[in-house]
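I have placed the structure first, in the form of C-alpha cells, so that the comments after it can refer back to it.
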Amino acid sequence: MAHIGALPKIHRYITAHNDEGKAVFSRAFNEESKMKANNDGIAFALSFTTKGFPVDMNDDKDLDVYGEYLNSAPGLVVTGGTVLRHVDIPPETACTMHRTVSLDYGCVLEGEVELLLDSDEKRIMKRGDVAVQRGTMHQWINHSKTEWARMLFVLQESKPLSVAGEKFGEHLAGMAGVRSSD
Numbered sequence: 001m002a003h004i005g006a007l008p009k010i011h012r013y014i015t016a017h018n019d020e021g022k023a024v025f026s027r028a029f030n031e032e033s034k035m036k037a038n039n040d041g042i043a044f045a046l047s048f049t050t051k052g053f054p055v056d057m058n059d060d061k062d063l064d065v066y067g068e069y070l071n072s073a074p075g076l077v078v079t080g081g082t083v084l085r086h087v088d089i090p091p092e093t094a095c096t097m098h099r100t101v102s103l104d105y106g107c108v109l110e111g112e113v114e115l116l117l118d119s120d121e122k123r124i125m126k127r128g129d130v131a132v133q134r135g136t137m138h139q140w141i142n143h144s145k146t147e148w149a150r151m152l153f154v155l156q157e158s159k160p161l162s163v164a165g166e167k168f169g170e171h172l173a174g175m176a177g178v179r180s181s182d
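As numbered in full-length UniProt numbering, the sequence shown has no gaps in its residue numbers, which increase by one up to the final residue, 182.
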C-alpha cells in the first residue's frame, strides 16, 4: 500500500522573533512534517509538542522541547503538554479501538472517516468536521476503497476520567507503532 504521494506533503511553519523583536519564520526545523508509517499502514507526523503550562517560549525553550520529542517520539499524549499530530489513514483501514487520558480535537483534512465509539454509536466525518474526544474509547475507520484520509489532532492531557465509580486510564490495545504516554 503506497503512501508516497497519496496525499500532499505537510508544511508546518513555526514563527519566532529576530534580534530586533520582529516576527520571522524559525529555521530551527525543516518546514516539512515527515510522515512515518506504522505496521498497519497508518502514518503519523509529530508536527509540534509542548511541555508545561503555560508554555515557555523564552529563549526558544519550547522549540528545544519539540526537538527532544522529534529525537524520541512521545506516546499519543505528553504529560503536562500538548501534541499536534497529523495522521494519514490508508483506504480500508481502521486503527485499534483505544482511549487516551486527554482532551483531543480531531479534524478531518482530507477524505472521509468514521468515528466509532465502544457503544457502537458512530458518525461519518467529512472534510472540515471536528470531533472533540473526551477520554472515550473510540476507533477511526477509513471505509474508502481507494482514497486516503488525513486528520489533524491536538491532544492535551486531562485528569483521569471517572464514570459511575470506574476510573478510566489510557488503553491502547497494542496500537501499531504507538507507545504508552509519558
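Cβ atoms here follow ideal geometry from the backbone N, Cα and C, with glycine treated the same way.
As the structure is a prediction and not an experimental result, all values here were calculated from the model.
The beta strand (DSSP E) runs lying completely inside the region 19 to 99 and spanning 3 residues or more are 23 to 25, 43 to 51, 81 to 89, given in chain order. Within the region 113 to 168, the complete beta strand (DSSP E) segments of 3 residues or longer fall at 122 to 126, 130 to 134, 138 to 142, 149 to 157, 161 to 163, 166 to 168, listed in chain order. Counting C-beta pairs with one atom in each stretch, the region 51 to 71 and the region 120 to 135 have fewer than three that are closer than 8 angstroms, which means they do not touch. Here the C-alpha atom of Ala173 lies approximately 31 angstroms from the C-alpha atom of Glu32. In this chain, the beta strand (DSSP E) harbouring Ala16 covers 15 to 17. Straight across, the Cα-Cα distance linking Met97 with Lys34 is about 25 angstroms.
Under the DSSP assignment, Val108 falls in the beta strand (DSSP E) whose first and last residues are 102 to 110.
A distance below 8 angstroms between beta-carbons, with the five flanking residues on each side excluded, links Glu112 to the following residues of its chain, in chain order: Ile124, Met125, Lys126, Arg127, Asn142, His143, Ser144, Glu147, Ala149.
Within the same chain, Tyr105 come within 7 angstroms of Val132 by CB-CB distance, once the 5 residues on both sides are set aside. In the same chain as Val154, and ignoring 5 residues on each side of it, the C-beta atoms closer than 6 angstroms to its own belong to Leu84, Tyr105, in chain order.
Burial check for Ser72: the Cβ neighbour count within 10 Å stays below 16, so the residue is exposed.
Within its own chain, the residues whose Cβ lies closer than 8 angstroms to the Cβ of Thr136, once the five positions on either side in sequence are excluded, are Arg99, Leu117, Asp118, listed in chain order. Short of 7 angstroms from the beta carbon of Gly80, and not among the five residues preceding or following it, lie these beta carbons of its own chain, in chain order: Lys51, Gly52, Phe53, Glu157.
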